[in-house]
Amino acid sequence: MTAARAKTPDEILIVDDSPTNLRLLSKMLTDHGYAVRAVTSGKRALESIRSENPDLVLLDIRMPEMDGYEVCRQLKSEELCQDIPVIFISALDEIEDKVRAFSVGGVDYITKPFQLEEVLVRVETHLSLRHLQEQLQKANRRLETELALAGNLQASFFPSKLPEIPGWELAAAFHPARETSGDFYDWISLPGSKIGILIGDVVDKGVSAALYMALSWTLIRTFALQHPDHPELVVEEANRRIIEDTDATRFVTVFYGIIDPGRGMMTYCNAGHPPPLLLRSGRRKDLVRLTRTGIPLGIETGRTWEQGTAELASKDVLVLHTDGVTDAQDSDGAFFGQKDLEKTLGEVRNRSAEEIKQSVLDRVATFVGGSDPYDDIALLVIRRIA
12 MTAARAKTPD
22 EILIVDDSPT
32 NLRLLSKMLT
42 DHGYAVRAVT
52 SGKRALESIR
62 SENPDLVLLD
72 IRMPEMDGYE
82 VCRQLKSEEL
92 CQDIPVIFIS
102 ALDEIEDKVR
112 AFSVGGVDYI
122 TKPFQLEEVL
132 VRVETHLSLR
142 HLQEQLQKAN
152 RRLETELALA
162 GNLQASFFPS
172 KLPEIPGWEL
182 AAAFHPARET
192 SGDFYDWISL
202 PGSKIGILIG
212 DVVDKGVSAA
222 LYMALSWTLI
232 RTFALQHPDH
242 PELVVEEANR
252 RIIEDTDATR
262 FVTVFYGIID
272 PGRGMMTYCN
282 AGHPPPLLLR
292 SGRRKDLVRL
302 TRTGIPLGIE
312 TGRTWEQGTA
322 ELASKDVLVL
332 HTDGVTDAQD
342 SDGAFFGQKD
352 LEKTLGEVRN
362 RSAEEIKQSV
372 LDRVATFVGG
382 SDPYDDIALL
392 VIRRIA
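Residue numbers 12 to 397, in the numbering used here, belong to the letters of the sequence shown in order.
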C-alpha cells in the first residue's frame, strides 16, 4: 500500500484537540503511506483546508471555540471544499449525534475509542470513492466537451443564411433540446431557379440520433441534386441507402418539397413527417394540411412514395415544423398540440414570415413556462408576397 502511494500520497487532515489522538492517528496513517496534517481546533482546520485542500478530513466533534459540526457545515457551504469527504471521529455515540453528523455533510462516523484497523479501512474506502468520483467528473467534463464539439459540427450542417428569393419571405428556427439533435432542415438550390425545402426528424435522441441525422441529411441533399424535379425519387433513393448503411432500429421522418418560385407551385413527398400547414389567403382563408404520402425512411426497403402538389398564391404561408413544437409540454405534462399551433397561426397569418415564426416560438415558450425542453424544435415559414 505504501509503495503505491510513494509518488503522490493522499493527504489527510486530522482535527482533534487531544494531542494523544493526533499522535496516534498521525503515526498510523503515516506508516501506511499517507501524508498527514494535524490541527487542534476547528478554526485552524478551516484555515488549513482553505489554504490547501486535503483529500480527506478526520474530524473530532467536541472542541473549544468551534465544534466539528460547525466546521463541516462551513466546509460544505464552500464550493472549493464541499467535495472533500469528512469522517467524524468522536466519543459521542448517541444516535442523534450520528444523525446530526451526517446531516451536516459527513460521509462516515467512527466512535471513540477507535480501532486502528477500522480507521484505516474507512479512510481507504472513502478515498477510493473520492478518486472514483473525480474520475467520473473528469469523464463527464470530457464528454461535455465532446458533445459541445459535436453540437458545433452539427450546427455547421445547417444553412448559415436564408436564401433570397424575389417575391418570397423565408424564416427558420432551430432549438436543440440537448447538445446534439436529430432534427434538421435545409434549403437546396436546384436548376431552373427552383429551391428544395427539407425538414426531418430522427426518431431517437442523443449522439446516435445526430449521426443518423447527418447521414440522412447528406443522402437527401445528394439525391436532391441528382433528381431536381422528382421529390419521390429523392426520398426513395435516400431510403434505400439508409437501410443499406444502417441497422433497422431507427428511422427518420422527412418532408421534402421542390418549389418553383416563378409559378408558385410545389411538388413534395411527406415521409411520415408532421403535415406542413398551408394557410391560404384572400377569400379562401382556409388551412390545408400536406398529409403524409408514405412511411418514414429507414423502415422498409423497396418502398415507393407518392408525389403531392400544392400551389402557393400571393400572401399564402407554408409552415413546416418538427414534432417538438406540438409535443412541447408544460409542467403538468399537457401538450401544446396541433390545435394551439393552428390557432396561433390563424392569429398571425397576415404577418411577415419572421413575425409568424417568432409568434409560434413565443407561444410555445409561454406554454412551456420554466419546464426544460424535452424535444428538439425545427420551424420553417415560407410566405409568398408577390
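The C-beta atom is built at its ideal place from N, Cα and C for all residues, glycine as well.
Looking at the secondary structure, which residues open and close the beta strand (DSSP E) in which Leu24 lies?
22 to 26
Per DSSP, the bridge partner or partners of His332:
Leu390
Could you please give me the residues that DSSP links to Tyr120 through a beta bridge?
Phe99
Mind checking Ala368: buried by the 16 CB within 10 Å criterion, or exposed?
Before going further, note that residue 368 is Lys rather than Ala in the sequence given. By the neighbour-count rule (16 or more Cβ atoms within 10 Å), Lys368 is buried.
Select from Glu58, Asp108, Ser363 the residue whose C-alpha is nearest the C-alpha of Leu86.
Glu58
Got a sec, what are the start and stop residues for the alpha helix (DSSP H) Ala56 sits in?
53 to 62
Ser342 by DSSP, collapsed to three states: which one?
coil
Apart from the five residues on each side of it in sequence, which residues of its chain come closer than 6 Å, Cβ to Cβ, to Asp27?
Leu33, Asp71
First and last residue of the beta strand (DSSP E) that includes Val115?
Counting along the chain, Val115 falls outside any beta strand (DSSP E), and DSSP gives it neither H nor E.
Quick check on Arg303: buried or exposed, where buried means 16 or more other Cβ atoms within 10 Å of its Cβ?
buried
Touch test, the region 264 to 278 against the region 200 to 207, Cβ-Cβ under 8 Å, three pairs minimum:
yes
Just verifying my parser: in three-state terms, what is the DSSP assignment at Ala15?
Below a pLDDT of 50, predicted positions are generally treated as unreliable, and Ala15, at 44, falls in that range; the measurement from the model is reported next regardless. Correct three-state label for Ala15: helix.
Run the CB neighbour count on His332, radius 10 Å, all protein chains shown included, and call it buried at 16 or more, exposed below.
buried
Buried or exposed: where does Ile396 fall if 16 or more other Cβ atoms within 10 Å of its Cβ makes it buried?
exposed
So, helix, strand or coil for Glu180, using DSSP?
strand
Same chain only: Cβ atoms within 6 Å of Leu36, ignoring 5 sequence neighbours per side
Ile25
In the DSSP output, which residue or residues are listed as bridge partners for Gly275?
For Gly275, which the question treats as bridged, DSSP gives no partner whatsoever.
Tell me which same chain residues have a C-beta within less than 8 Å of the C-beta of Leu298, skipping the five on either side of it?
Leu288, Leu289, Leu290, Arg291, Glu353, Leu356, Gly357
Which of helix, strand or coil DSSP assigns to Cys92:
coil
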